[in-house]
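Trainee: Supplied in structure tokens, the structure appears directly below.
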Amino acid sequence: MSTQKITLAKGLNMGLRKAMEADDKVLLMGEDVGKLGGVFRITDGLQKDFGEDRVIDSPLAESGIVGTAVGMALRGYRPVIEIQFDGFVYPAYDQIVCQVAKYTYRSQGKVKMPIVIRIPFGGGIGAVEHHSESPEAQFAHTPGLKVVACSNPVDGYWMIQQAIAHDDPVIFLEPKRQYHADKAELDESATPEPLFTSRVVRSGTDATVLAYGPTVKTALKCAEAAESEGRSLEVIDLRTLSPLDMGPVFESVRRTGRCVITHEAHVNLGMGAEVAARITEQCFYSLEAPVLRVGAFDMPYPPSRIEEEYLPDLDRVLDAVDRTFAF
Amino acid sequence: MPDPVSFGPDLAEVFGPSQTDGGPDLVQLLTPEGERVHHPEFDHDFSAEELRGLYRDMVLTRRIDVEATALQRHGELGIWAQLLGQEAAQIGAGRALRPQDYVFPTYREHGVAYCKGVDPLRLLGLFRGVDQGGWDPNENNFGLYTIVIGAQTLHATGYAMGMQRDGVVGTGDPDRDAAVIAHFGDGASSQGDVNEAFIFAASYNAPVVFFCQNNQWAISEPIERQTRIPLYQRALGFGFPGIRVDGNDVLATYAVTKAALQRAREGNGPSFVEAYTYRMGAHTTTDDPTRYRLNDELEHWKLKDPIERLKVYLRRNGLVDQEFFDDLDAEAKEMGHHLREGCKALPDPKPMDQFGYVFSEMTDEIREQRDQFAAYLASFEGSHS
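Note that the protein sequences, when read in sequence, are chains A and B. Position 247 (the first sequence) corresponds to 250 in our numbering; numbering is contiguous. Position 154 (the second sequence) corresponds to 170 in our numbering; numbering is contiguous.
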């Protein structure tokens, strides 16, 4: 058994390489994904090894990228698209929502759309506007799309391969702040969990904290801090946002009776709203307090000098946990 | 005062005056009066059999359209997108295709669907509300109707890029080499997707023919609202040739489209065909063109009817007899009968059907919603008095 320590960027890069080796119908397409290896270097070295026909530098037109991917999928290919930054996905919104999401349904299952749309998402990197957004709810709200978010290097490695092998379109969210941050031990011989599952990443007994993507790290830090104060938090990485895998969440909340969900996206009509509603429907008699949400304020992403005052952080999540105990 | 800065020649000098008659570059092989003319580049030696076939196709296509329009009036269809007047553009393009070529249609390509072997009855499902495309796109190489204007031109380009990767372009084998045709209209030419498709196709030299039926009207908006220059001249700016063909001339449309497809199959890249035609009917059965265009214009275009001019040519040259017309009339009636009876017999989807096919496999979430809805419906059983 050989293991190696990798970053999220490396895990995704290795996962993409594995997927391309496993199936020659897998194509990568996006802006600057070729020689440059993508602005975050996620596709580094892949064009050199797989050629320009399989790692395709596209014109700078997001609708064009997604629209041509639909045609490639109809021809039997499995396109993997890189949207350069979250805020640049909107020119492709029509193709994603009206075409990618609906083709299987419209054709009554005769046509499949095995397209993966990779989107680096979230803030905290000191970027200019349109480079720090969290658009997941816009896609999770769309029937016909699956939406997942990885939070760590090992998940990045496995989840990207699973998403590419999946026959339905997957919006694949990557927390860009984590790309080159923490390293983790990858064992390539391990058996990964199924793609569309949530996972308890820290066990606890007093309250449940739900997170995905960049906020998983925040939630884990909260649990550490709470422990020093004698409070035991259970942390669940949702991983899949559509479909949601609520089983482990219900099980946890029925035990703890308290739940906080945190994401970088806006609270209003965000993932937290849906998750809270489902918990209320299924765990009503177990709840000691309302499910609380900690996310971005309902305003456009601010100038980066104050982004840390806008994004949910350890203190704001812990404050919410405290409030669940005040009921 | 300094002289004003020059930005180059006046557009009217470059593109010529208003071209309501199609202009000097219009490729035509059969005049509105039914006179066969020749073109130095685009021509084809049509056999009598081919000519009769094209005439038959256009007559049957018009019958499909007339019948579906009547079915809408009878309440059997919710809406119908009419093609009246565009038969030559669609049959000319449709008959230029080989079986391995792939079509990406709008929602009006009934004649092209017919050429590709899609049962016209299947087209009615979308308009009746029983399905959203009742045919398998890969069975006849004919994509699903696309209602978001111009979106399919990108699908066509991507499909063509797939063909390049499959090695079915430029091999020299006529049974292997393939191309894609992307249909759209003059209104769609303003869409970002169409312009992006042009750029992608040019950049990758994709084997796709952009076939624009300029029927002069995008619902109520005239072509002048979409463009200040003839549409086919836009192609040069994207880096590939553009040709304007008389879209009411089935012979010219066939010859030009055939050449464009062959160019694509050979690996010489995309091209743009502007079929200059006219929407003689309404945009759809919900539209009222009398609110925005003059009857004079319609009368003018009636004189250019695509079917009449070929009929005159066939008759004048003794290529048809009365038996041909009688047989075709019977065939058209049979087509009408097929659509009328078939339409009414199209099965309504069942309430539970809506849960299928959102994904390749039903998710637990949707299964749960389906089961809840089934239980809800079942709760009414036996409660009717």
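C-beta atoms are modelled at their ideal positions from N, C-alpha and C, and glycine is treated no differently. Because the structure is a prediction, the values reported are computed rather than measured.
Return the chain-ordered ranges of every beta strand (DSSP E) run that is complete within the region 179-213 of chain B and spans a minimum of 3 residues.
Mentor: As far as the region 179-213 of chain B is concerned, its whole beta strand (DSSP E) runs of at least 3 residues are 196-201.
Trainee: Would the beta-carbon of P82 (chain A) be found less than 8 angstroms away from any heavy atom of the ligand FMN?
Mentor: This structure lacks the ligand FMN, and indeed carries no ligand of any kind.
Trainee: Taking C-beta pairs closer than 8 angstroms, name the residues in chain B that K38 (chain A) reaches, listed in chain order.
Mentor: Stepping through the first sequence from its first residue, residue 38 (chain A) is reached at position 35. The premise fails here: K38 (chain A) is roughly 16 angstroms from chain B at the closest Cβ pair, so nothing lies under 8 angstroms.
Trainee: Within the same chain, show all residues whose beta-carbon is closer than 6 angstroms to that of L12 (chain B), passing over the 5 residues directly before and after it, in chain order.
Mentor: Absent from the model: residue 12 (chain B). The displayed extent of chain B is 17 to 401, so no value can be given.
Trainee: So, is the C-beta of L160 (chain B) closer than 9 angstroms to a C-beta in chain A?
Mentor: The residue you call residue 160 (chain B) lines up with position 144 of the second sequence. Yes, its Cβ sits closer than 9 angstroms to a Cβ of chain A.
Trainee: Name the two residues that bound the continuous beta strand (DSSP E) containing V82 (chain A).
Mentor: Here residue 82 (chain A) refers to the residue found at position 79 when the first sequence is read from its first residue. The sequence given here has Pro at residue 82 (chain A), not Val. First-last of the beta strand (DSSP E) with P82 (chain A): 81-85.
Trainee: Under the assumption that I245 (chain B) contacts F31 (chain B) (Cβ atoms under 8 angstroms), give the Cβ distance between them as a whole number of angstroms.
Mentor: For the purposes of this step, residue 245 (chain B) is taken as residue 229 along the second sequence, with counting starting at 1. For the purposes of this step, residue 31 (chain B) is taken as residue 15 along the second sequence, with counting starting at 1. Going by Cβ atoms, the distance from I245 (chain B) to F31 (chain B) rounds to 5 angstroms, so yes, they are a contact pair.
Trainee: In or out: Y1 (chain A) buried (at least 16 other Cβ within 10 Å) or exposed?
Mentor: Any answer about residue 1 (chain A) is impossible in this case: the structure gives chain A only from 4 up to 330.
Trainee: Looking at Y118 (chain B): is its Cβ nearer than 9 angstroms to the Cβ of Y161 (chain B)?
Mentor: One-based indexing of the second sequence puts residue 118 (chain B) at position 102. One-based indexing of the second sequence puts residue 161 (chain B) at position 145. No, these two residues do not count as a Cβ contact at 9 angstroms.
Trainee: Here's a check: name, in chain order, each residue in its chain whose Cβ is nearer than 7 angstroms to the Cβ of A130 (chain A), leaving out the five neighbours to either side.
Mentor: Walking along the first sequence from the start, residue 130 (chain A) turns up at place 127. Excluding sequence neighbours, A130 (chain A) sits near S307.
Trainee: Note down, in chain order, each residue of its chain lying with its Cβ closer than 6 angstroms to the Cβ of C359 (chain B), except the 5 sequence neighbours on either side.
Mentor: Numbered from 1 along the second sequence, position 343 holds the residue referred to as residue 359 (chain B). So the list reads L87, E92, L140, once near-sequence residues are dropped.
Trainee: Below 7 angstroms CB to CB, which residues in the same chain sit around K21 (chain A) once its five sequence neighbours on both sides are set aside?
Mentor: What you label residue 21 (chain A) is simply residue 18 of the first sequence in a count that begins at 1. Once the five neighbours on either side are set aside, the close Cβ partners of K21 (chain A) are Q164.
Trainee: Among residues of its own chain, excluding the 5 on either side of D248 (chain A), which ones have a beta-carbon nearer than 8 angstroms to its beta-carbon?
Mentor: The residue labelled residue 248 (chain A) in the question sits at position 245 within the first sequence. Within the same chain, D248 (chain A) has close Cβ partners F199, T200, S201, L241, R242.
Trainee: Check whether chain A comes within 9 angstroms of E377 (chain B), counting only Cβ atoms and requiring the distance to be less than that.
Mentor: Along the second sequence, read from residue 1 onward, the residue named residue 377 (chain B) stands at position 361. At least one chain A Cβ lies under 9 angstroms of E377 (chain B).
Trainee: Could you give the first and the last residue of the continuous alpha helix (DSSP H) run that contains F143 (chain B)?
Mentor: Counted from its first residue, the second sequence places residue 143 (chain B) at position 127. Taken as a continuous stretch (DSSP letters only), the alpha helix (DSSP H) holding F143 (chain B) covers 136-144.
Trainee: Rounded C-beta distance between E125 (chain B) and Q106 (chain B)? I'm assuming under 8 angstroms.
Mentor: Looking up residue 125 (chain B) in the second sequence gives position 109. Looking up residue 106 (chain B) in the second sequence gives position 90. Their Cβ separation, rounded to whole angstroms, is 6 angstroms, which keeps E125 (chain B) and Q106 (chain B) in contact under 8 angstroms.
Trainee: If we count the other Cβ atoms within 10 Å of its Cβ and call it buried at 16 or more, is Y313 (chain A) buried or exposed?
Mentor: Position 310 of the first sequence, counted from the start, is the residue given in the question as residue 313 (chain A). Buried, because 16 or more other Cβ atoms sit within 10 Å of the Cβ of Y313 (chain A).
Trainee: Smallest Cα separation from L176 (chain A): which of A:E267, A:R319, A:T221?
Mentor: In the first sequence, residue 176 (chain A) corresponds to position 173, counting from 1. Here the closest residue by C-alpha is A:E267.
Trainee: Against chain B, with Cβ distances strictly below 9 angstroms, would P62 (chain A) count as a contact?
Mentor: For the purposes of this step, residue 62 (chain A) is taken as the residue at position 59 of the first sequence. Chain B, which has a Cβ nearer than 9 angstroms to the Cβ of P62 (chain A), makes this yes.
Trainee: For a quick check, are the C-beta atoms of S137 (chain A) and A280 (chain A) less than 9 angstroms apart?
Mentor: Against the first sequence, residue 137 (chain A) aligns to sequence position 134. Against the first sequence, residue 280 (chain A) aligns to sequence position 277. Contact flag unset, no.
Trainee: Using a Cβ-Cβ cut-off of less than 7 angstroms, give me the residues of the region 12-28 of chain A that come near chain B, in sequence order.
Mentor: Flagged: no residues at all.
Trainee: How would you label T301 (chain B), buried or exposed, when you count the other beta carbons within 10 angstroms and need 16 or more for buried?
Mentor: One-based indexing of the second sequence puts residue 301 (chain B) at position 285. Per the 10 Å Cβ criterion, buried.
Trainee: Does DSSP put I235 (chain B) in a helix, a strand or coil?
Mentor: Translated into positions along the second sequence, residue 235 (chain B) becomes position 219. Three-state result, I235 (chain B): coil.
Trainee: Can you confirm whether P94 (chain A), when its beta carbon is compared against all beta carbons of chain B, has any partner nearer than 9 angstroms?
Mentor: Position 91 of the first sequence, counting from 1, holds the residue named residue 94 (chain A). Yes, its Cβ sits closer than 9 angstroms to a Cβ of chain B.
Trainee: How would you list, in chain order, the residues of chain A whose beta-carbon sits under 9 angstroms from the beta-carbon of I107 (chain B)?
Mentor: Here residue 107 (chain B) refers to the residue found at position 91 when the second sequence is read from its first residue. Simply none; closest approach about 25 angstroms.
Trainee: Note down, in chain order, every chain A residue with its Cβ under 9 angstroms from the Cβ of L137 (chain B).
Mentor: Here residue 137 (chain B) refers to the residue found at position 121 when the second sequence is read from its first residue. Neighbours of L137 (chain B) on chain A: none; closest Cβ ~16 angstroms, over 9 angstroms.
Trainee: Spatial neighbours of D209 (chain B) within its chain, please: CB distance less than 7 angstroms, with the 5 preceding and 5 following residues excluded, ordered by chain position.
Mentor: Mapped onto the second sequence, residue 209 (chain B) falls at position 193. G166, A167, T169, L170, listed in sequence order.
Trainee: Are E290 (chain B) and L247 (chain B) touching if we call contact CB-CB under 9 angstroms?
Mentor: Here residue 290 (chain B) corresponds to residue number 274 of the second sequence, with the count starting at 1. Here residue 247 (chain B) corresponds to residue number 231 of the second sequence, with the count starting at 1. Contact flag set, yes.
Trainee: Within a Cβ cutoff of 7 angstroms, which residues of the same chain sit near E212 (chain B), ignoring the five residues on either side of it in sequence?
Mentor: For the purposes of this step, residue 212 (chain B) is taken as residue 196 along the second sequence, with counting starting at 1. Here the set comprises L170.
Trainee: With a threshold of 16 other CB atoms inside 10 Å of the CB of E29 (chain B), please say whether the residue is buried or exposed.
Mentor: Position 13 of the second sequence, counted from the start, is the residue given in the question as residue 29 (chain B). With fewer than 16 other Cβ atoms within 10 Å, it is exposed.
Trainee: I'd like the list of long-range same chain contacts for E65 (chain A), defined as Cβ closer than 7 angstroms, with 5 residues on each side in sequence excluded.
Mentor: In the first sequence, counting from the first residue as 1, residue 65 (chain A) sits at position 62. Hits under 7 angstroms: I86, F91, V92, P94, A95.
Trainee: Report the neighbours of S219 (chain B) on chain A: residues whose CB is nearer than 7 angstroms to its CB, in chain order.
Mentor: Residue mapping note: residue 219 (chain B) aligns to position 203 of the second sequence, counting from 1. P62, listed in chain order.
Trainee: In angstroms with no decimal places, state the Cα-to-Cα distance between R386 (chain B) and E191 (chain A).
Mentor: Translated into the one-based positions of the second sequence, residue 386 (chain B) becomes position 370. Translated into the one-based positions of the first sequence, residue 191 (chain A) becomes position 188. Straight-line Cα distance between these residues: approximately 39 angstroms.
Trainee: With a 10 Å radius around its C-beta and 16 neighbouring C-beta atoms as the bar for buried, classify L106 (chain A) as buried or exposed.
Mentor: Indexing the first sequence from 1 puts residue 106 (chain A) at position 103. Residue identity differs from the one stated: residue 106 (chain A) is Tyr in this sequence, not Leu. The residue in question, Y106 (chain A), is buried, as its Cβ has 16 or more Cβ neighbours within 10 Å.
Trainee: Which runs of the beta strand (DSSP E) at least 3 residues long sit entirely within the region 104-141 of chain A? Give them in chain order.
Mentor: Counting only runs of 3 or more, we get 119-124.
Trainee: Using a beta-carbon distance cut-off of less than 7 angstroms, what residues from the region 107-121 of chain A approach chain B?
Mentor: Residues T107, Y108, R109, S110, Q111, G112, K113, V114, K115.
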